[in-house]
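Each remark here refers to the structure printed beneath this line.
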Amino acid sequence: MQMANEYAQAPRKFNWGNPLIHSLLVFLSFSLLFTIFFAPVLFSGRLLAPGDGIVYYLPALYSAKTLWTDLIFGGYPVVGDPQNMTWYPPALLLHWIPNSWNALVVLAYVLAGSFAYCYGYMLTRSRLAASVSGITYSMCGFMMAHLGHATIIHAAAWMPLLLCAMDRLRHGFSRLWFGLGVLAVSCCFLGGHPQIAVYSLGMGFFYALFLGWRVPLGRKKYYAYAIGVLAVGLALCAIQIIPTAEFSRLSPRSEMTFGEFASYSLPRWQTLQTLFPYFFGGLLPPFNFPYWGKTSLTEVAGYLGWLPLMLAMVGAIAHPKRSIVRFWLWVGVIAFLLTFGGDTFLGRLFYNVPVYNKFRAQGRHVIEATLAVSVLAGFGVAAIQRRLVSRKIIFRTIVATIAVLILSLVSMGILYPAFQEKAIQARVTAPLNFWPWSNPAVGVPIVMCVASLVGFGLLLRWRDRRWVGLIIIPILIADLSTFGWFWEWQINAPLATALEAKPIVQKYRSLLRSNHQRFLGTVESITSLKDFESGVFPNLTRLWDLPNISGYSPLILSRFSEVMRMSTNGGLSSVPVHADDRRLDVMGVRYLLEQSAPKTDQRGFAVTGQDLGVALGSTVCGPSLLSPSMNVDLSTKPIEVSEIGFVTMLGCAVTVPENAAVVQVQVTDTQGRVETHALRAGRDTAENSYDCPEVKPLVQHQRATVFRDLPVTKPGQCQAHEYVSSLVLSQPRQVKQIELKWSDSKLPGVLLLQRMSLMNRQHNTSFPLTSVGVSPKWKQVEPSDAGTIYENQQVLPRAWLVSKTVRLAPSEIVNAIQTSRLPEGGVYEPEKVALVENAAAVFQGLDLGTVGQVRVVQRAEAMLEVQTKAPSEAFLVLSDAYYPGWQATIDGKPTRIFQTNYIQRGVKVPAGEHVVRFEFHPLSFKIGVGITTAMLVAGGYGLLRLGRKKEPVEALD
1037 MQMANEYAQA PRKFNWGNPL IHSLLVFLSF SLLFTIFFAP VLFSGRLLAP GDGIVYYLPA
1097 LYSAKTLWTD LIFGGYPVVG DPQNMTWYPP ALLLHWIPNS WNALVVLAYV LAGSFAYCYG
1157 YMLTRSRLAA SVSGITYSMC GFMMAHLGHA TIIHAAAWMP LLLCAMDRLR HGFSRLWFGL
1217 GVLAVSCCFL GGHPQIAVYS LGMGFFYALF LGWRVPLGRK KYYAYAIGVL AVGLALCAIQ
1277 IIPTAEFSRL SPRSEMTFGE FASYSLPRWQ TLQTLFPYFF GGLLPPFNFP YWGKTSLTEV
1337 AGYLGWLPLM LAMVGAIAHP KRSIVRFWLW VGVIAFLLTF GGDTFLGRLF YNVPVYNKFR
1397 AQGRHVIEAT LAVSVLAGFG VAAIQRRLVS RKIIFRTIVA TIAVLILSLV SMGILYPAFQ
1457 EKAIQARVTA PLNFWPWSNP AVGVPIVMCV ASLVGFGLLL RWRDRRWVGL IIIPILIADL
1517 STFGWFWEWQ INAPLATALE AKPIVQKYRS LLRSNHQRFL GTVESITSLK DFESGVFPNL
1577 TRLWDLPNIS GYSPLILSRF SEVMRMSTNG GLSSVPVHAD DRRLDVMGVR YLLEQSAPKT
1637 DQRGFAVTGQ DLGVALGSTV CGPSLLSPSM NVDLSTKPIE VSEIGFVTML GCAVTVPENA
1697 AVVQVQVTDT QGRVETHALR AGRDTAENSY DCPEVKPLVQ HQRATVFRDL PVTKPGQCQA
1757 HEYVSSLVLS QPRQVKQIEL KWSDSKLPGV LLLQRMSLMN RQHNTSFPLT SVGVSPKWKQ
1817 VEPSDAGTIY ENQQVLPRAW LVSKTVRLAP SEIVNAIQTS RLPEGGVYEP EKVALVENAA
1877 AVFQGLDLGT VGQVRVVQRA EAMLEVQTKA PSEAFLVLSD AYYPGWQATI DGKPTRIFQT
1937 NYIQRGVKVP AGEHVVRFEF HPLSFKIGVG ITTAMLVAGG YGLLRLGRKK EPVEALD
């Protein structure tokens, strides 16, 4: 009967005036708090969009609302990407308001604080207790760390409102609270992050299960209301859930190994960071010691604050609502254990739960632990205000806090050797220092612990004074700010001008509009905010209407990712530089912007992060793919060179004698003058495994100057080496061509050219060559502030006709595209033949030669219309991604679309002139719209029928 007695009394009216005014004041107070907190960015012309914020979430807010876009990934189903926030009400509204991004981000914190305040007030009837709960939840380490993940903070913001609705419905049905519960469920999912939405739904389910076990209303009736809230809320989200389910099945996320599931979890040895948030490193002074933790600090940050933890201890011990206290204690403990992922039995057990096991980053469970602490902290404040806290409890709380602090400091000393080893593994060579007076990451939390103890004492002494909150709230904010104020939003907030299309974008957008082809900007060089603001990166290209083969999204089509060798951040494992690799050709990529960020060493030798990977040598040792020569064409923009730097290594070259010329280097200037040099064994380069015990006695040349060491996976774990050298020209020359040639076909071995830089000592400049720059497949067009532009010499148009299709297995098609080799040994020429998987698509027509014509008539993001002309039946190939829901017509009559070239669309077209139109009408979206619409109608009607009596304003309570 205890639980029943706890909840038997219906909630009383607010004591703070009208409930609507109370709610408005709470919302405005949190709005003011976070406006002041984020003022350094809000009032400096910058954007609260660090990391993923600027490349993913911000473009999603500002881009045109569409079901499909052809501006990223060669075609992308926006309809299936929940993190696009297509149907999220706040994002829908702010989409139409210029410069509203910062408002969207701040709104998440305001909603989180307001809803947590609401829930805290429902339970405690104390404005101070509710304020502590709201501030703790909205300013916690999790919310601040994920500022760049707009969908995460928005999904998390609605969790407390769902709990409010579940709590209020235990007193009887309320149209208002039923509707608010449905709104909370819907916005959790439509807010865009399925993982946090599932966590919120689970929290709401178990909270309702707990509340409904014994309520005056009756168990069955209450559970019916609670299930109704969850079911109606989910049904309203069908417009997003069903397309997302379809997309997920076609993405790498359809299956997740346990290792992937457990990734980005909190390592047990990093538990200290829950009390010392920057103990393992940070970003801003004074916490800017290099981070040496195991995984991303963003994903495992969970600072809760010293004061909230102290108050939570009091609430857990002293508050009279024992059953709900136990509930939140269990929530906090279980959620915290789940943050360790696979390091605990719970993590391994939960991996077997369907749907749940599709999410990685188990460290995100800290949001539920934070909510538990915020609720218990509110209970603690309320218990103190009502004089329910004995001296014994006070003494225990203070002793426990001091004991935890001392234990933490002692563990730092005991584990110092292990921590130092972890730091070395993270390539942090500086010695660790745990002395509080010299390491702010240790000293500041100690100061905040002491300040929290002082604040705790003042709260106990002046518990009856209304102004005591003026002391407690600033201490709480300062405590939580020791993490949030020093987070990346301070330094990685891009200028609003970063959204403006750069001159290079404007130029090539115009060129690409005329031929409807695509652009690629390499993304591997984003190492700083400066790199980003000067470059061209996805998904901002959507804002500029620049068709980009790259993109940025946690969801990517598996087939597209496989054949393009592209990760979810849009980066290619390597840019195709060989003529046989047709990946970018078939997708119509005409221009490439190589955004290399070269680094110059003490020798003045500038290099990029990408190896050239050019192999020169004889077939005596190396495989047949070795080339006897390489030509660097600089004729479009000759460079004044006085010295050429190389990073190379030899393989299978132990018998090459000392000083033997292995590669001839021929330099031609703009006047036609030729200068020849040689790279020699022992002086300029050497056997890569020179120092391996089984190799060194056999090598017949000396070891050259080592550039860097490489590990060799063989017995003994010896070090391999790359070697650095330079060739000095007789005089500075305007070089237009450099040819490297293996000196003797009879000389065994292979030289791997990794880096090459053209230097001018007089002007102290160094121009590093890249794999693209030395490839005949790519022609340099022009340098720019953002990088170097190259044009693809083998690019195919947006749409073209072929006279033949060949049916192959999927793996054979992928191999053919990447190597230009068909299974039977023939050459794959995508200009002449299309590869299909369906027998119905097999086709053999007359050779079209140059007669077949295709012209793009009309193009929109979710529509393409082309005109074809051919003397005989042909097969139309479209360099756009294949996806369920695309429909095609020929002269207005429906026709079948075949999956072509593994990732593209193709249709058979008859002889003559025809108009082929492609439109995107996904069935999953239609089903989702139908369910959502039906639930809106049925739910609205049901609410009217169930609650004809007008509810008073106090129902907000």
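Numbering (my numbering), first residue to last: 1037 to 1993. All C-beta atoms in this analysis are idealised placements derived from N, C-alpha and C, irrespective of residue type, glycine included.
Where does the unbroken beta strand (DSSP E) through residue i begin, and where does it stop?
i	result
R1791	1786-1796
H1950	1948-1956
V1735	Per DSSP, V1735 belongs to no beta strand (DSSP E) and is neither H nor E.
I1926	1922-1926
P1126	No beta strand (DSSP E) contains P1126, which is instead part of the alpha helix (DSSP H) from 1125-1130.
E1630	1625-1630
V1902	1899-1906
What's the C-alpha gap between residue i and residue j?
i	j	result
A1148	H1058	16 Å
D1705	H1552	37 Å
V1808	I1090	28 Å
V1817	A1181	42 Å
V1703	I1592	45 Å
S1660	A1186	Caution applies to S1660, whose pLDDT of 46 falls short of 50 and renders its modelled position unreliable; the model cannot decide the point.
M1600	I1370	41 Å
S1284	Q1889	37 Å
I1420	I1442	26 Å
P1322	M1448	19 Å
P1467	S1290	43 Å
R1427	I1482	24 Å
G1953	K1543	The sequence shown places Arg at residue 1953, not Gly. Their Cα atoms are separated by approximately 29 Å.
G1493	I1513	17 Å
D1500	R1422	9 Å
Y1977	L1219	16 Å
L1548	R1554	7 Å
W1364	I1434	22 Å
V1945	M1623	21 Å
L1266	A1244	10 Å
A1298	Q1770	55 Å
G1156	L1060	16 Å
Looking only at its own chain, which residues have a Cβ that is under 7 Å from the Cβ of residue i, when we skip the five neighbours before and after it?
i	result
A1418	T1160, S1162, A1165, H1355
S1150	V1062, F1063, F1066, G1170
G1479	P1472, W1473
May I ask you to list the residues that DSSP assigns as paired with residue i?
i	result
K1944	F1911
F1803	L1794
S1820	G1823
R1744	E1758
Among the residues of its own chain, which have a CB less than 6 Å from the CB of residue i, if the five just before and after it don't count?
i	result
I1232	I1188, A1191, A1192
M1602	L1608
V1361	A1352, H1355
L1272	S1222, T1968, M1971
T1280	G1116, P1118
Q1894	E1901
D1616	T1855, S1856
Got a sec: is the Cβ-Cβ distance from residue i to anything in chain D below 7 Å?
i	result
R1891	The displayed structure is made up of one protein chain only, and chain D is not part of it.
By Cβ distance below 8 Å, which residues in the same chain neighbour residue i in space, the five residues on each side in sequence not counted?
i	result
Y1124	H1190, C1223, L1226, G1227, G1228
S1332	Y1300
Q1276	P1118, T1122, W1123, F1225, L1226, G1964
Could you give the first and the last residue of the continuous alpha helix (DSSP H) run that contains residue i?
i	result
A1756	Here A1756 belongs to no alpha helix (DSSP H); instead the beta strand (DSSP E) covers 1755-1778.
F1934	Premise fails: F1934 lies in the beta strand (DSSP E), 1934-1936, not in any alpha helix (DSSP H).
M1600	1594-1600
Taking the runs of the beta strand (DSSP E) that are 3 residues or longer, which of them lie wholly in the stretch 1646-1699?
-> 1650-1653, 1665-1669, 1675-1687
In chain order, each beta strand (DSSP E) run of at least 3 residues that lies wholly inside the stretch 1504-1587 = 1554-1557
Contained beta strand (DSSP E) runs [length at least 3] in the stretch 1838-1891, N- to C-terminal order = 1840-1843, 1869-1872
Let me know the alpha helix (DSSP H) ranges lying completely inside the stretch 1267-1309, each 4 residues or longer, listed in chain order.
-> 1274-1285, 1294-1298
Enumerate, from N- to C-terminal direction, the unbroken alpha helix (DSSP H) stretches of 4 or more residues contained entirely within the stretch 1135-1187.
-> 1137-1160, 1163-1174, 1177-1181
Please specify which runs of the alpha helix (DSSP H), each continuous and at least 4 residues long, are wholly inside the stretch 1379-1422, giving them in chain order.
-> 1381-1386, 1402-1421
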